[in-house]
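The sequence shown maps to residues 31 to 529 in my numbering.
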Amino acid sequence: MAGTSELTELTAGTPIIFGGNRVLHVDAATAERFRPGDSVVVVEQTEQLLLIPSAEREIAAAAVGRASDAFEGLSAASDAQISQFYTEFADRLASDAIWAEVKTVNDGDVDNAQERGRSTTRLVANEKLRQGMIDGLRGWVDATSRRGQVIESVEHDDWRAELVGAALGVVAFIFEGRPNVLADATGVLRGGNAVVFRIGSDALSTARCIMERALRPALQAAGLPEDSVTLVDSSTHAAGWALFCDARLSLAVARGSGPAVATLGGLAQQAGVPVSLHGTGGAWIVASEHARTDALRDAVERSLDRKVCNTLNTCCIARAAAPVLVPALLDGMKAAGERLGQSFKLHVAEGDEAHVPAELLSRTISVRRAEGDVDEQQAETIAQSALGHEWEWEQTPEVTLKIVDDVPHAVTLFNKYSPQFVACLIDDDGDAQQRFYDGVNAPFVGDGYTRWVDGQFALSRPELGLSNWQWGRLFGRGGILSGDTVYTVRTRARGTAKP
Numbered sequence: 031m032a033g034t035s036e037l038t039e040l041t042a043g044t045p046i047i048f049g050g051n052r053v054l055h056v057d058a059a060t061a062e063r064f065r066p067g068d069s070v071v072v073v074e075q076t077e078q079l080l081l082i083p084s085a086e087r088e089i090a091a092a093a094v095g096r097a098s099d100a101f102e103g104l105s106a107a108s109d110a111q112i113s114q115f116y117t118e119f120a121d122r123l124a125s126d127a128i129w130a131e132v133k134t135v136n137d138g139d140v141d142n143a144q145e146r147g148r149s150t151t152r153l154v155a156n157e158k159l160r161q162g163m164i165d166g167l168r169g170w171v172d173a174t175s176r177r178g179q180v181i182e183s184v185e186h187d188d189w190r191a192e193l194v195g196a197a198l199g200v201v202a203f204i205f206e207g208r209p210n211v212l213a214d215a216t217g218v219l220r221g222g223n224a225v226v227f228r229i230g231s232d233a234l235s236t237a238r239c240i241m242e243r244a245l246r247p248a249l250q251a252a253g254l255p256e257d258s259v260t261l262v263d264s265s266t267h268a269a270g271w272a273l274f275c276d277a278r279l280s281l282a283v284a285r286g287s288g289p290a291v292a293t294l295g296g297l298a299q300q301a302g303v304p305v306s307l308h309g310t311g312g313a314w315i316v317a318s319e320h321a322r323t324d325a326l327r328d329a330v331e332r333s334l335d336r337k338v339c340n341t342l343n344t345c346c347i348a349r350a351a352a353p354v355l356v357p358a359l360l361d362g363m364k365a366a367g368e369r370l371g372q373s374f375k376l377h378v379a380e381g382d383e384a385h386v387p388a389e390l391l392s393r394t395i396s397v398r399r400a401e402g403d404v405d406e407q408q409a410e411t412i413a414q415s416a417l418g419h420e421w422e423w424e425q426t427p428e429v430t431l432k433i434v435d436d437v438p439h440a441v442t443l444f445n446k447y448s449p450q451f452v453a454c455l456i457d458d459d460g461d462a463q464q465r466f467y468d469g470v471n472a473p474f475v476g477d478g479y480t481r482w483v484d485g486q487f488a489l490s491r492p493e494l495g496l497s498n499w500q501w502g503r504l505f506g507r508g509g510i511l512s513g514d515t516v517y518t519v520r521t522r523a524r525g526t527a528k529p
């Protein structure tokens with residue numbers, strides 16, 4: 031029987047066997063950075079070799095440990111205490127004095143991000159973001175908790191079995207650089223769960239300030255364990271990798287870019303931790319040959335107000351109606367761009383160039399990117415295999431156009447190339463809508479604009495993220511992950527004790 035020992039050195043070229051019959055070789059940079067105590071982890075799903083420094087592993091492990099201890103304490107907390115927490119947290123964010131401190135720190139985060147050429151569209155802590163956080167928190171005050179709720183009761187002759195909702199445990203979140211998600215994550219406390227999270231480096235200072243000035247004082251005022259919400263206080267990706275490798279987690283939730291989320295999901299799954307992944311977005315609109323031009327134009331404009339995961343990304347237009355529907359698409363994009371003080375950018379699938387005005391393919395425009403304004407062609411061609419690529423634009427709306435034979439052709443392309451997220455059909459016929467719904471492999475299906483896909487907007491409750499089906503069907507009970515969907519079920523017997 032082979033023995034084990036701790037890895038103390040790493041040599042470039044060393045083969046690492048994984049998956050039973052696959053091999054990765056240690057690269058020179060990883061070998062050079064390795065120090066005794068560090069961990070080397072293979073992500074089988076993405077075939078990556080990751081180095082996790084011991085310091086980052088210890089930071090993450092300590093945070094999970096504190097959250098685990100807090101979870102035990104939460105079992106004794108009343109629903110009234112948890113409601114008080116949400117009220118206290120919201121009241122502190124509503125305080126102009128406290129928010130002024132948050133805004134000052136956030137201004138520094140924004141400046142640092144801009145200096146590094148990073149996108150800041152979701153980082154800025156403006157009044158709209160502040161009010162959204164407050165409204166979301168207040169929405170949890172009177173929300174029903176699954177904890178202790180009898181979901182089903184099965185009666186027998188002289189006893190009954192009850193299925194009872196219960197807290198799931200410690201829920202880990204990794205967020206991109208947007209400060210409002212800190213308030214979103216606390217939604218899982220409604221059901222008695224504890225939170226441990228890591229936020230992107232762009233928003234880390236803002237998160238620290240919110241924790242110190244609003245969140246922790248709210249926990250204390252409500253008499254809840256102070257570590258019920260715990261921050262992994264590190265700006266490195268390695269700390270996030272270490273967090274998702276911790277088998278003590280009951281659920282791992284990742285939000286961010288597609289490749290980063292795939293890596294995190296692979297790590298958690300290897301550790302035996304259930305995951306809810308929120309990575310690649312980009313919504314699709316399909317316009318049938320019977321689509322009204324005004325309906326398409328309106329849907330396009332309303333789907334491009336800003337860049338988020340449910341923004342219109344790809345538009346499929348039926349060939350028979352392309353002469354009238356393509357101009358409607360362009361009109362909608364133009365209106366959306368003008369509202370943002372910009373133009374628009376179009377990507378055309380190879381072979382479909384003849385369906386767009388020739389001047390778009392030769393015209394140069396100014397496009398607002400994270401690094402600033404750059405001159406680019408207004409329309410460019412892309413391969414059909416790139417139809418699912420998500421355009422991360424700043425202020426200049428960016429959409430892919432594909433001409434299709436009919437709606438079934440568009441459904442086939444969506445199911446093959448998209449991240450399987452949001453699909454909307456522009457067609458007034460109810461039977462056509464039903465066939466589209468039955469055929470398209472998406473958790474969110476609509477009949478107009480795409481931006482309705484939002485937990486707070488659609489379901490009137492704060493969301494923790496929107497899941498696509500890129501990595502399979504969902505862990506949770508719906509595409510919208512919310513605080514009240516994070517629970518488990520216990521079974522209790524009543525009446526088995528005989529007198």
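All C-beta atoms, glycine included, are put in the ideal place defined by N, C-alpha and C.
Neighbourhood of residue i by C-beta, 6 Å cutoff - its chain only, sequence neighbours within 5 removed
i      : result
Ala366 : Glu331, Leu334, Pro427
Arg152 : Arg208
Val475 : Ala453, Tyr467
Ser113 : Val171
Ile229 : Phe205, Ala237
His55  : Gly43, Pro45
Val53  : Pro45, Ile47
Met241 : Leu261
Asp286 : One detail in the question is off: residue 286 reads as Gly in this sequence, not Asp. Contacts found: Glu206.
Cβ-based neighbour list, residue i, same chain, cut-off 8 Å, excluding 5 preceding and 5 following
i      : result
Gly138 : Ser235
Asp257 : Arg96, Ala97, Asp99, Ala100, Ala224
Glu380 : Thr411, Ile412, Ala413, Gln414
Gln144 : Thr150
Arg65  : Pro83, Ser84
Ile456 : Ile315, Val316, Ala317, Ser318, Ala321, Arg322, Ala325, Leu326, Ala329, Asp477, Gly478
Check whether residue i and residue j have beta carbons under 7 Å apart
i      : j      : result
Leu431 : Gln408 : no
Cys339 : Ile315 : no
Ala284 : Ile204 : yes
Gly296 : Gln75  : yes
Glu424 : Arg399 : yes
Ser448 : Gly418 : yes
Ala282 : Ala213 : no
Tyr517 : Gly195 : yes
Val441 : Gly460 : no
Thr310 : Glu420 : yes
Ser280 : Gly221 : no
His385 : Val429 : no
Asn471 : Gln450 : yes
Ile433 : Asp382 : yes
Val184 : Ala173 : no
Val94  : Asp263 : no
Cα-Cα separation, residue i to residue j
i      : j      : result
Arg122 : Arg177 : 27 Å
Leu489 : Thr521 : 29 Å
Glu406 : Gly312 : 22 Å
Gly162 : Leu360 : 32 Å
Ser306 : Ser497 : 7 Å
Gly49  : Glu131 : 50 Å
Gly402 : Asn136 : 20 Å
Ala91  : Ser318 : 53 Å
Pro45  : Asp484 : 45 Å
Thr260 : Ser125 : 23 Å
Ala155 : Asn210 : 8 Å
Asn343 : Asp232 : 25 Å
Met31  : Pro304 : A caution first: Met31 carries a pLDDT of 49, below 50, which makes its placement in the model too unreliable to give a value.
Val140 : Asp57  : 35 Å
Pro529 : Asp188 : 12 Å
Ala388 : Asn142 : 41 Å
Glu368 : Glu157 : 23 Å
Arg168 : Val226 : 21 Å
His267 : Thr526 : 52 Å
Lys375 : Thr480 : 19 Å
Glu493 : Pro438 : 32 Å
Gly199 : Lys446 : 36 Å
Own chain residues within Cβ distance below 7 Å of residue i, not counting five before or after
i      : result
Phe115 : Leu219, Ala248, Leu249, Ala252, Leu254
Arg160 : Leu123, Trp129
Restricting to runs no shorter than 3 residues, where is the beta strand (DSSP E) found entirely within the segment 291-365? 305-308, 313-317, 342-348
Count Cβ pairs between the segment 261-273 and the segment 75-86 that sit closer than 8 Å; are there 3 or more? yes
Examine the Cβ distances between the segment 296-308 and the segment 62-75 and report whether three or more of them are shorter than 8 Å. yes
If we require 3 or more residues per run, which beta strand (DSSP E) segments fall completely within the segment 56-90? If we require 3 residues or more, the beta strand (DSSP E) runs fully inside the segment 56-90 come out as 69-73, 78-82.
List in chain order: all unbroken beta strand (DSSP E) runs of 3+ residues lying wholly within the segment 147-217. 180-185, 190-196, 200-205
4 or more residues per run - each alpha helix (DSSP H) lying fully within the segment 440-527: 460-469, 485-488
At 4 residues or longer, and completely inside the segment 412-443: list those alpha helix (DSSP H) runs for me, N to C. none
Which complete alpha helix (DSSP H) runs does the segment 111-148 hold, if anything under 4 residues is left out? Here the runs fully enclosed are 126-145.
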